[in-house]
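Here's the structure, in structure tokens; my notes come after.
2 protein chains.
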Amino acid sequence: MTVGSALTDALAAWRETLGADAVSCDAQVIQGVNVATFQTTARAAAVLRPSTHEDVQQCVRLANRFRIPLYPISTGKNWGYGSRVPVRDAVLLDLGRLNRITDFNEELAYVTLEPGVTQRQLYDFLQAKDSRLWMDATGSSPDCSVVGNTLERGFGHTPMGDHCSHACGFRVVLPTGDAIETGFGRFPGAISGPLSRWGLGPALDGLFSQSNLGIVTKMTVWLMPAPESVEAFVFQADKPVGPIVDALRPLRMNGLLRGVMHIGNDYKVISGSGQYPWEATAGKTPLLPKTMATLRRELRIAQWSGSGALYGTRGQVKEAKAALGRALRGHVDRVQFFDERRLNLFRRIERPYRSITGRRDLSRALQLVPQLLDVLQGKPTAGFLGSAYWRKKTPVPAAPDPDADRCGLLWCSPVAPNTGKDVTLVTDLAIEMALSYGFEPIISVSLLTERMTISTIALTYDREVAGEDARAMDCYRALTDRLLERGYPPYRLNVASMDYANGAGAYGTVVQAIRTALDPNGTVAPGRYDGR
Amino acid sequence: MTVGSALTDALAAWRETLGADAVSCDAQVIQGVNVATFQTTARAAAVLRPSTHEDVQQCVRLANRFRIPLYPISTGKNWGYGSRVPVRDAVLLDLGRLNRITDFNEELAYVTLEPGVTQRQLYDFLQAKDSRLWMDATGSSPDCSVVGNTLERGFGHTPMGDHCSHACGFRVVLPTGDAIETGFGRFPGAISGPLSRWGLGPALDGLFSQSNLGIVTKMTVWLMPAPESVEAFVFQADKPVGPIVDALRPLRMNGLLRGVMHIGNDYKVISGSGQYPWEATAGKTPLLPKTMATLRRELRIAQWSGSGALYGTRGQVKEAKAALGRALRGHVDRVQFFDERRLNLFRRIERPYRSITGRRDLSRALQLVPQLLDVLQGKPTAGFLGSAYWRKKTPVPAAPDPDADRCGLLWCSPVAPNTGKDVTLVTDLAIEMALSYGFEPIISVSLLTERMTISTIALTYDREVAGEDARAMDCYRALTDRLLERGYPPYRLNVASMDYANGAGAYGTVVQAIRTALDPNGTVAPGRYDGR
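Residue numbers (the numbering used here), protein chains in the order written: chain X, 1 to 532; chain Y, 533 to 1064.
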């Protein structure tokens, strides 16, 4: 998009509608929003900050009139997938000021919120209400948007961890500026709008996640009643990951394990609990398996570390604990449980504990425990954010800003069946290819549902190092290609790689036909997951 | 649709493609398929019976060429909603011959099947495989299509009772004749196709349930591992239903009750376990509350009867049983549990038990127990089908055929929040209105999910009685209107009432725009849930 007269006219119209303070072309602002954690080429030319649903409708109508594409973001914390950077040149539609919680129901366990509501805000809201309900938190920043993460099909840790499966009733601004509600909410006065995904007739809400078919300005997120009992666990294994996955699947299938378990490799633990060992590697990258093996012993990191929690009544948790112990026997080297008493203790002494475990002679895996315990109970934490600084030579700042600090981060996130064989194939391939491109294979395997896993493979680097941006993207593409060949497509894409969403043949034609029907001018987020 | 030359030409072309035996214009066949359990006006002019997915594509392509609309049915057992009768004049596309089970995975607990596969066929398949997996069965006939019920958002009894929430990977013949797979299955070789609902980019599967946007020729249905333990329960209450709903909700929310519970009123039990008491009413209809009260005492029917099951490990079931007992105390008069030993006993002696309980001095509610125990364990049963003959003066035939036997049946099925207040409002309104139109208020409240209920209100009558067809439809519409006014829209519609799917304003415009984009000639099931 060239800054032509159409843009000038559009900006004037938006200023008139939204007020001057809600439209920014300030060079510093523009420069800031156009930086992600990897190289991007499309640029935002301006930023609009509407405050209401109706304002969003006006923004979209004017964008249509002046034929200026808009790129909506919620809070713009989509690190590793593109942050706030558009897929193609556009004006940024920052929904951060739509930050109202518009409905809350303790009895039926839901909350309705706008895209600017952050994880922290929702958590604080529930605390202030003295609610017995838990949200599900991702391991990303407390400043992330709940709606944004759900629409990108992000996930967390509790039984509500598959976010998109526990959300409904989207209010959507269409690319024409009109608005609809999905599900039963479209019927005037229908009180089941926040309670059911389906509605009557074709279900439309699926169209608006990972999509450019509309702008969601409100959604309902289901919450879970705090269980009577919760017991977290971590385990370590210097053994293959495959048999662990196979051992856990039956417990997930039969409902003994209701939450989302995560299994990280040694690189995941070391990068999550400290920065790159420049000393031990004499400044060389990548951290080779041989050096990693030495560090594993030194830092007491296992090859694989897992975490999860048992939720339920006291009886259920007790039984699940015994079953989990039996299932893991022989497949892991150590399991530790954190019951409520120990959980509370950890929460109270989090700070001193951190300083204690900072000592190198303690297990590094255990350093991650406090933040793990938080997310396992639906509490957002900033504790995992530092890992973006893994390859930086400067320490993690007090207020991390991975974009501005030029942290390099690309997530490659393949979907695989929940079997040991598949997880082994995916992780073996990721380890081999990341290292061959000069990156550490930083892997977390999330046992997201009974039947499928998502492995998130972080390519973490320093954008200040010449050539690394290109090499990381090359690695990302080569790895994604290989995974696709093997039958493991990505669950989510970064803004520079939307071509993987291309539907070959009839599938692409359908998505494109719907796109053309709903957005004839190509106003909303052109290129974003749009099947072309 | 007039039987014009286009139809003649199309029939010739279909005959050439499918073979003559797969195309029928036989007057008796046509007459048969055009009968539902209520009055309909649209007619099928011919029946196509393709055997393969590719045949379906050919049928659709030819339909486009000759501009003849097609109306797909799976097995045509959509009793109470329209059976096989189209919404508007069309040629019937009977998918009954697509009856293959194409994939099955014991480890990952799923089965992939075509629309002609019946509940019985799937059940027998699992038995023959000696599978540890359970399907979820509806209370309708064993000859019902699994795919058809899922696409209509039907439901059953087990933890997989919300069928559409446990299905994915649709293969769809589009109205153009092209085909797509939803979810990850669109990527060549992607092995997670049967394992995840989402896929990459906008999720399309929601578009193809309760819809005319495509013809699903295959889908994956998730199964559940047989639990270590199962304990069924029935309860009776001569007390209001509201407090029962409120007492059960917390147990559903916290996962102690994982299945779908159903609560029926006295009319539901009496109509499910015998025919209309012509004697006690001196031949008059409806069965008034005063007479019903007498019969209740006589037949030992409570005002409300509930059923459900506890699934899990032995420990979980034991704990859930205690919690259920505590929750229901004071709200119901009697709870009976059927543990595995008693369940097996029932199964073995089902026939003698039936003859025993046929004696009028035994509780009529208990007569329904054997078939309840079946469906609570995922076994299809024909035991509920006789209720369509409630108002008939002839006995239920050995092979019930409600359409041909001119049974009158219309389901009115509002969605409401899972609260006592809402269920009370819905059931009170249904009782008042059904009686005022001369019908018995035959109500079953299904606690479908943690947050919402569906009440199925059966208007059951004898189509041979003059005027009853019209009166039943008047009652259906008046009741649906009143429920909508109060905020309780239907979850599903009959073929004569698709106008309720009309989306006013932007919603209808969106559905219509998608419809026009995907089906420019209006080839697939015109009028069906199509938002116009």
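We put the CB at the ideal spot given by N, CA and C, even for glycine.
Predicted model only: the values in this text are computed from it and were never measured.
Exercise for review: Can you tell me which of Y/L856, Y/D662, Y/W754, Y/A859 puts its alpha carbon nearest to the alpha carbon of Y/G725?
Suggested key: Y/W754
Check your understanding: chain Y beta carbons: is any one of them nearer than 8 Å to that of X/L200?
Key -> yes
**Study point:** Spatially closest choice to X/W411 from X/D103, X/T37, X/C164, by CA coordinates
**Key:** X/T37
Check your understanding: Name the chain Y residues that come within less than 8 Å of X/Y71, Cβ to Cβ?
Key -> Those within 8 Å of X/Y71 in chain Y number zero; the least Cβ separation is about 16 Å.
Point to revise | Own chain, CB closer than 6 Å to Y/A920, minus 5 neighbours either side, in chain order | key: P934, C939, L941
Review point. Quick one: Cα of Y/M955 to Cα of Y/G796, how far?
Key: The sequence shown places Val at residue 955 of chain Y, rather than the Met named in the question. One C-alpha to the other measures close to 12 Å.
Check your understanding: Using the beta-carbon of each residue, which ones in chain Y are nearer than 8 Å to X/S211?
Key -> G733, P734
Practice item. Please compile the residues from chain Y whose C-beta is within a distance smaller than 9 Å of the C-beta of X/I514. Key: P734, L736, L739, A1045, I1046, A1049, L1050
Review point. Taking Cβ-Cβ distances below 7 Å as the criterion, which residues of the region 312–323 of chain X are in contact with chain Y?
Key: G312, T313, G315, Q316, E319
Practice item. Would you please state the rounded distance, in angstroms, between the beta carbons of X/L48 and X/V117? I believe it to be under 8 Å. Key: About 19 Å; that fails the 8 Å criterion.
Check your understanding: When we look at the beta-carbon of X/K129 and count the other beta-carbons within 10 Å, is it buried (16 or more) or exposed?
Key -> exposed
Check your understanding: Grouping DSSP H, G and I as helix and E and B as strand, with all else coil, what is X/G522?
Key -> coil
Check your understanding: Which residues in the same chain as X/L385 place their Cβ atom closer than 6 Å to its Cβ, once the five residues preceding and following it in sequence are excluded?
Key -> S141, P400
Review point. Roughly how many angstroms separate the alpha carbons of X/T40 and X/A226, rounded to a whole number?
Key: 42 Å
Review point. Given a limit of 8 Å on CB to CB distance, which residues of the region 429–460 of chain X reach chain Y?
Key: T449, E450, R451, M452
Review point. Do we get a CB-CB distance below 8 Å when we pair Y/N950 with the residues of chain X?
Key: yes
Point to revise | Contacts of Y/F719 in chain X (Cβ-Cβ under 7 Å) | key: L484, P489
**Study point:** beta strand (DSSP E) segments (min. 3 residues) lying fully within the region 12–48 of chain X
**Key:** 44–48
Check your understanding: Got a sec? Which residues, its chain only, sit under 8 Å from Y/P927 by beta carbon, not counting five neighbours each side?
Key -> Q807, Y921
Point to revise | Interfacial residues, the region 628–653 of chain Y to chain X, with Cβ spacing under 8 Å | key: E639, L640, A641, Y642
Check your understanding: Shorter than 8 Å from the beta carbon of X/R132 to some beta carbon of chain Y?
Key -> no
Check your understanding: Beta-carbon separation of Y/V792 and Y/S837 under 8 Å?
Key -> no
Practice item. Could you confirm whether any beta carbon from chain Y is found closer than 8 Å to the beta carbon of X/Y529? Key: yes
Review point. In terms of DSSP beta bridges, what is X/E231 paired with?
Key: X/L310
Review point. Residues in the region 242–255 of chain X with C-beta within 7 Å of chain Y's C-beta atoms, listed in sequence order?
Key: M253, N254, G255
Practice item. Anything in chain Y within Cβ reach of X/A179, meaning under 7 Å, just list it in chain order. Key: A1038
Review point. Assuming X/L151 contacts X/T182 under a Cβ cut-off of 8 Å, what Cβ separation, rounded to an integer in Å, is found between them?
Key: Not quite, the Cβ-Cβ distance comes to about 12 Å (not below 8 Å), so this is no contact.
**Study point:** Endpoints, alpha helix (DSSP H) assigned at Y/Q807
**Key:** Note, Y/Q807: premise wrong, no alpha helix (DSSP H); not H, not E.
Review point. Between Y/S945 and Y/S987, what straight-line distance do the alpha-carbon atoms span, to the nearest angstrom?
Key: 5 Å
Review point. Hey, is X/A478's beta-carbon within less than 8 Å of any beta-carbon in chain Y?
Key: no
Review point. Relative to the C-alpha of Y/V867, which residue among Y/V1027, Y/A834, Y/V592 is closest?
Key: Y/A834
Exercise for review: Kindly indicate if chain C contains any beta-carbon less than 8 Å away from that of X/P86.
Suggested key: Here the protein chains are X and Y, and chain C is not one of them.
Review point. Exposed or buried, what is Y/G890 when buried is set at 16 or more other beta-carbons lying within 10 Å of its beta-carbon?
Key: Residue placement at Y/G890 cannot be trusted, given a pLDDT of 45 that sits under 50; what the coordinates show is reported in the next sentence. Result: exposed.
**Study point:** Positions along the region 52–76 of chain X whose CB lies within less than 7 Å of some CB in chain Y
**Key:** none
Exercise for review: Out of X/P243, X/V415, X/T158, X/F208, state which residue places its alpha-carbon closest to the alpha-carbon of X/S168.
Suggested key: For the record, residue 168 of chain X in the displayed sequence is Cys; it is not Ser. X/C168 has its Cα closest to that of X/F208, out of X/P243, X/V415, X/T158, X/F208.
**Study point:** Span of the beta strand (DSSP E) around X/C475
**Key:** Unbroken run through X/C475 is the alpha helix (DSSP H), 468–485; no beta strand (DSSP E).
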